[in-house]
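Asks: Whatever position you read off the sequence shown (first residue = 1), add 32 for the numbering used here.
Here's a structure for you.
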Amino acid sequence: MRDWLVHIRRNEHASLQTQIREALVSAILDEQLAREEPIPSTRKMAKSLGVSRNTVVLAYQGLLDDGYLVARERSGYYVSDKALATVAPQKPAVRLKPSGAAVDWARRLTKDPAAQANVTKPLDWQSYAYPFIYGQVDHNLFPLAEWRDCARQALGKKWLGTWTNDTWAHDDPLLVEQIRRRILPRRGIMASDDEILVTLGAQNALYLLTSLLVGPSTRVAMEEPGYPDVRNIFKLKTPSVSLIPVDEKGLTLPEAINSADVVFTTPSHQFPTTVTMPLERRMELLKR
33 MRDWLVHIRR
43 NEHASLQTQI
53 REALVSAILD
63 EQLAREEPIP
73 STRKMAKSLG
83 VSRNTVVLAY
93 QGLLDDGYLV
103 ARERSGYYVS
113 DKALATVAPQ
123 KPAVRLKPSG
133 AAVDWARRLT
143 KDPAAQANVT
153 KPLDWQSYAY
163 PFIYGQVDHN
173 LFPLAEWRDC
183 ARQALGKKWL
193 GTWTNDTWAH
203 DDPLLVEQIR
213 RRILPRRGIM
223 ASDDEILVTL
233 GAQNALYLLT
243 SLLVGPSTRV
253 AMEEPGYPDV
263 RNIFKLKTPS
273 VSLIPVDEKG
283 LTLPEAINSA
293 DVVFTTPSHQ
303 FPTTVTMPLE
313 RRMELLKR
């Protein structure tokens, strides 16, 4: 087999085993390896790539299970003659002619979310000495050992029936209990289990609240600068979104707030300035 068909990169996120499998699958599907062509032994492949033999054994076993390779006793590994049988032949794309008048999507679509302003983040942010962005994980601070231990426990046979159970309209009771006992009290919130709703994240939670509280005639006031995603969500529901300045104490309280039906603010940790709103201003906001 040609040596250049399989090469690995040590700095890849994918494991060595995965890289070997993907390289061989690509070579087979691209017909760079013919049917019935022999594959190097696990020992020879491991020596060629500079990896452990066990890594190659596991990669080959996966290819055997998937039907790309066959093993012959005292002979070795070969490309399966059925490897390409399940791969649909590629056909040139056919451009269909419209059967009638073209759809006027500009008239049919009531919103254009793609036109909204959004924060852009560089994909290579980790290469920056001081990446001033939000919503990303610092790998140096991630509790990898604890995460691995939790994953090991969760994937054990003891908990299999728990996390594979479809609770349908109910949240995971164990997760709800941890939120109620450990997270909410730190924020001064006391809630019962039936008052907690687990969402897919902050944006999902804000969208649900907006769907319930904001309509076409609702007047919304929010911080400026503030969370751009929630501003976009509000503007999908109402054109009346007022941007209220922020000072060193958080959201200011001009007269415009008095006419608002909904006010969005982040008093504990203002986004993105990180300032904290003092108690006096919080109480004044509630009175408004």
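Cβ atoms here follow ideal geometry from the backbone N, Cα and C, with glycine treated the same way.
All of these numbers come straight from a predicted model, not from anything done at the bench.
Measuring CA to CA, which of 277, 276, 262 is closest to residue 270?
Replies: The residue labelled residue 270 in the question sits at position 238 within the sequence shown. Taking only the C-alpha atoms, the option nearest residue 270 is 262.
Asks: Which residues bound the beta strand (DSSP E) around residue 279?
Replies: Here residue 279 refers to the residue found at position 247 of the sequence shown. From DSSP, the beta strand (DSSP E) with residue 279 extends over 273-279.
Asks: Relative to the C-alpha of residue 96, which candidate in 115, 44, 78 has its C-alpha closest?
Replies: Translated into the one-based positions of the sequence shown, residue 96 becomes position 64. Comparing Cα positions, the closest option is 115.
Asks: Hey, is the segment 242-252 in contact with the segment 195-210, meaning 3+ C-beta pairs nearer than 8 Å?
Replies: Verdict: no, contact absent.
Asks: Go ahead and label residue 222 buried or exposed: buried means 16 or more other beta carbons lie within 10 angstroms of its beta carbon, across all protein chains shown.
Replies: Residue 222 sits at position 190 when you count from the first residue of the sequence shown. Residue 222 is exposed by the Cβ-count criterion.
Asks: Sort out for me which residues DSSP pairs residue 254 with in a bridge.
Replies: Locating residue 254 in the sequence shown gives position 222, where the first residue counts as 1. DSSP lists 275, 296 as partners of residue 254.
Asks: Please classify residue 320: does DSSP put it in a helix, a strand, or coil?
Replies: Sequence index remark: in the sequence shown, residue 320 carries index 288 (1-based). Three-state DSSP puts residue 320 in coil, outside helix and strand.
Asks: Ordered along the chain, which non-local residues of its own chain (more than five positions away) have a Cβ less than 7 Å from that of residue 246?
Replies: Numbered from its first residue, the sequence shown carries residue 246 at position 214. Closer than 7 Å at the Cβ level, and outside the excluded window around residue 246, lie 252, 266, 269, 270, 294.
Asks: If I'm right that residue 71 touches residue 101 with Cβ under 8 Å, what's the distance once you round it to whole angstroms?
Replies: Looking up residue 71 in the sequence shown gives position 39. Looking up residue 101 in the sequence shown gives position 69. Going by Cβ atoms, the distance from residue 71 to residue 101 rounds to 6 Å, so yes, they are a contact pair.
Asks: Alpha carbon to alpha carbon, how far is residue 196 from residue 62?
Replies: Residue mapping note: residue 196 aligns to position 164 of the sequence shown, counting from 1. Residue mapping note: residue 62 aligns to position 30 of the sequence shown, counting from 1. Spanning the two alpha carbons is a distance of roughly 37 Å.
Asks: Can you say whether residue 141 is buried or exposed, counting buried as having 16 or more other CB atoms within 10 angstroms of its CB?
Replies: Position 109 of the sequence shown, counting from 1, holds the residue named residue 141. So residue 141 counts as exposed.
Asks: Leaving out the 5 sequence neighbours to the left and right, which residues in its chain are closer than 7 Å to residue 60 when beta-carbon positions are compared?
Replies: The residue given as residue 60 occupies position 28 in the sequence shown. So the list reads 100, 111, 115, once near-sequence residues are dropped.
Asks: Leaving out five residues before and five after residue 67 in sequence, what residues of the same chain have Cβ atoms less than 8 Å from its Cβ?
Replies: Numbered from 1 along the sequence shown, position 35 holds the residue referred to as residue 67. Hits under 8 Å: 111, 112, 113, 115, 116.
Asks: Counting only runs that start and end within the segment 133-161, where is the alpha helix (DSSP H) found for 4 or more residues in a row?
Replies: Qualifying alpha helix (DSSP H) stretches, in chain order: 137-140.
Asks: Distance, Cα to Cα, residue 157 vs residue 69?
Replies: Sequence index remark: in the sequence shown, residue 157 carries index 125 (1-based). Sequence index remark: in the sequence shown, residue 69 carries index 37 (1-based). Their Cα atoms are separated by approximately 44 Å.
Asks: Check whether the Cβ atoms of residue 315 and residue 281 lie closer than 8 Å to each other.
Replies: Taking the sequence shown and counting its residues from 1, one reaches residue 315 at position 283. Taking the sequence shown and counting its residues from 1, one reaches residue 281 at position 249. Not in contact: residue 315 and residue 281 (Cβ atoms no closer than 8 Å).
Asks: Please give the ranges of any alpha helix (DSSP H) in the segment 80-118, keeping only runs that are unbroken, at least 4 residues long and fully inside the region.
Replies: Here the runs fully enclosed are 85-97.
Asks: Indicate the three-state DSSP secondary structure (helix, strand or coil) for residue 229 in the structure shown.
Replies: Taking the first residue of the sequence shown as position 1, residue 229 is located at position 197. Reduced to three states, the DSSP call for residue 229 is coil.
Asks: When the Cα atoms are used, what is the spatial distance from residue 188 to residue 238?
Replies: Against the sequence shown, residue 188 aligns to sequence position 156. Against the sequence shown, residue 238 aligns to sequence position 206. Roughly 35 Å between the two C-alpha positions.
Asks: If I measure Cβ to Cβ from residue 75 and keep anything under 7 Å in the same chain, skipping five residues before and after, which residues do I get?
Replies: One-based indexing of the sequence shown puts residue 75 at position 43. Closer than 7 Å at Cβ, skipping near neighbours: 85.
Asks: Output the boundary residues of the alpha helix (DSSP H) element that contains residue 260.
Replies: Locating residue 260 in the sequence shown gives position 228, counting from the first residue. Looking at the DSSP string, the run of the alpha helix (DSSP H) that includes residue 260 is 260-269.
Asks: Using only CA atoms, which one of 77, 133, 53 lies nearest to residue 98?
Replies: As a first step, residue 98 must be located in the sequence shown, where it is residue number 66. The shortest Cα separation from residue 98 among 77, 133, 53 belongs to 53.
Asks: According to DSSP, residue 282 sits in a beta bridge with which residue or residues?
Replies: On the sequence shown, residue 282 is found 250 positions in, with the first residue counted as 1. 279.
Asks: Just the C-alpha distance for residue 185 and residue 192, rounded to the nearest angstrom, thanks.
Replies: On the sequence shown, residue 185 is found 153 positions in, with the first residue counted as 1. On the sequence shown, residue 192 is found 160 positions in, with the first residue counted as 1. So the two alpha carbons sit approximately 10 Å from each other.
Asks: May I ask you to report which of helix, strand or coil DSSP gives residue 165?
Replies: Within the sequence shown, numbered from 1, the residue matching residue 165 stands at position 133. Residue 165 falls in the coil class under three-state DSSP.
Asks: Nearest-angstrom Cα distance between residue 148 and residue 260?
Replies: Position 116 of the sequence shown, counting from 1, holds the residue named residue 148. Position 228 of the sequence shown, counting from 1, holds the residue named residue 260. Their Cα atoms are separated by approximately 9 Å.
Asks: In its own chain, which residues sit with a C-beta less than 8 Å from the C-beta of residue 225, not counting the 5 before and 5 after it?
Replies: Stepping through the sequence shown from its first residue, residue 225 is reached at position 193. Same-chain partners within the cutoff: 205, 208, 209, 212.
Asks: Report yes if the CB atom of residue 39 is closer than 8 Å to the CB atom of residue 55, and no otherwise.
Replies: Here residue 39 corresponds to residue number 7 of the sequence shown, with the count starting at 1. Here residue 55 corresponds to residue number 23 of the sequence shown, with the count starting at 1. Yes; because the gap between Cβ atoms is below 8 Å, this pair is in contact.
Asks: May I ask you to report which of helix, strand or coil DSSP gives residue 175?
Replies: For the purposes of this step, residue 175 is taken as the residue at position 143 of the sequence shown. Note: residue 175 maps to coil in three-state DSSP.
Asks: How is residue 221 classed by DSSP in three states: helix, strand or coil?
Replies: In the sequence shown, counting from the first residue as 1, residue 221 sits at position 189. DSSP places residue 221 in coil when its eight states are reduced to three.
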